Amino acid sequence: MKKITIITGHYGSGKTNLAVNLAMQARREGESVAIVDLDIVNPYFRTADFKTLFEENGIKLIAPDFANSNLDIPSIQFDLEQIAKSEDCLIIDVGGDDAGAVALGRYAEALSAYGDNVDMFYVINQRRYLTTTADEAISLMYEIENASRMKHTAIVNNTNLGNETTSEIIESSSEFASEISVRTGLPIVFTTFPENCAEFADNPNAYPVKIYVKPLWEV
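Here it is, written out as structure tokens:
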């Protein structure tokens, strides 16, 4: 069955790392996978940075013109409708905040044709600036929906501090995530944890992620 997953969230929430993990998982499960980089605003930490990884794993990458160049011009010249038809799994990594979600709005009508086969995950990270409270995170979520002309279907609790993430940090964010879920009426589809926090694996809806996106000083 065709599956389309749209990933949104604040800058630095970890949405790109999640998108890469989802793409790799789908490929391991034998699905044909395409990942679309719709981040035409922020030149850092984009899915286009993982071109070699995707090529090695048979994942099709579709990125805006000028991605990974010295130019950062918002230029989208690909047929998202055709891409959605040709792959088992399509993952769309949307640029952070409402400004980045404007590009998604261009395809809102076409994507709506896939109905229940489309998920739009809102990635939250309590340890990131401007989303440390439920009020801030919810306000941003609705701004993204207005800009994209689409509605989220679930929340991903991706609270982390990179390599400094501990189980305690993840567990302490559960109340934050639960409040957002209750107030928006959206389920928490899963809570991510880095592979080095294996003791968190038994928690409900836990989803292990490999850290692909690293700070510039670790690259």
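According to numbering that gives the first Met the number 0, the sequence shown holds residues 0 to 218 in order. Where is the CB? At the ideal position from N, CA and C, for every residue including glycine. Here the structure is a predicted model, which means the values were calculated and not measured.
Listed in chain order, the non-local C-beta contacts of residue 92 below 8 Å within the same chain comprise 6, 14, 15, 18, 34, 35, 36, 37, 38, 45 and 46, local neighbours out to five positions each way being set aside. For residue 28 and residue 110, the gap between their C-alpha atoms comes out near 24 Å.
Counting of Cβ neighbours within 10 angstroms places residue 81 among the exposed residues, the total staying below 16. The residue among 3, 106 and 10 with its C-alpha nearest the C-alpha of residue 21 is 3. Selection 179, 211 and 180 evaluated against residue 194 yields 211 as nearest (Cα-Cα). Contact between the region 146-159 and the region 117-133 is present: three or more C-beta pairs spanning the two stretches fall below 8 Å. Nearest Cα to residue 167 within the set 107, 180 and 192: 192. Taken in chain order, the complete beta strand (DSSP E) segments of 3 or more residues contained in the region 95-174 are 117-123 and 153-156. 31 is the residue among 31, 98, 202 and 94 whose C-alpha sits nearest the C-alpha of residue 57. For residue 183, same chain residues with a beta-carbon under 8 Å away, outside a window of 5 residues either side, are 137, 140, 151 and 154 in chain order. Straight-line spacing of the CA atoms in residue 103 and residue 112 works out to 15 Å. Distance between residue 26 and residue 209, taken at the CA atoms: about 15 Å.
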